[in-house]
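In our numbering, the protein residues as written are 29 to 120.
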């Protein structure tokens, strides 16, 4: 006998809105991009961007967006944690 139940939300977990922090495609001065990505990855988990990892082939923009969003999520989506030298925007 197979019992099939739908997904059940975990108890005691704070679910955040579906929002992301990504590289602003309109950003024209990318001078601070390497430092901003490094900062984001210092305080969040960017291991998926490493050589041979699942997100290894995203390119510069994809890497930046991944790093910015990982940091943004790790900081509970606080708006003050999404600017990255005016390189990032919040989206939903």
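The beta-carbon is built from N, C-alpha and C at its ideal position, and this holds for glycine as well.
In the three-state DSSP reduction, residue 69 falls in the helix class (H, G or I). Remark: C-beta atoms of residue 33 and residue 114 do not approach each other more closely than 8 Å. As computed with DSSP, residue 113 is found in no beta bridge at all.
Distance from the CA of residue 108 to the CA of residue 93, rounded to the nearest whole angstrom, comes to 16 Å. Taking residue 53 as reference, the option from 90, 80, 86, 46 with the minimal CA-CA separation is 90. The three-state secondary structure of residue 51, taken from DSSP, is strand.
Your pair residue 100 and residue 49 checks out as a contact, with CB atoms roughly 4 Å apart and the cut at 8 Å.
Per DSSP, residue 93 is one residue of the alpha helix (DSSP H) stretching across 87-102.
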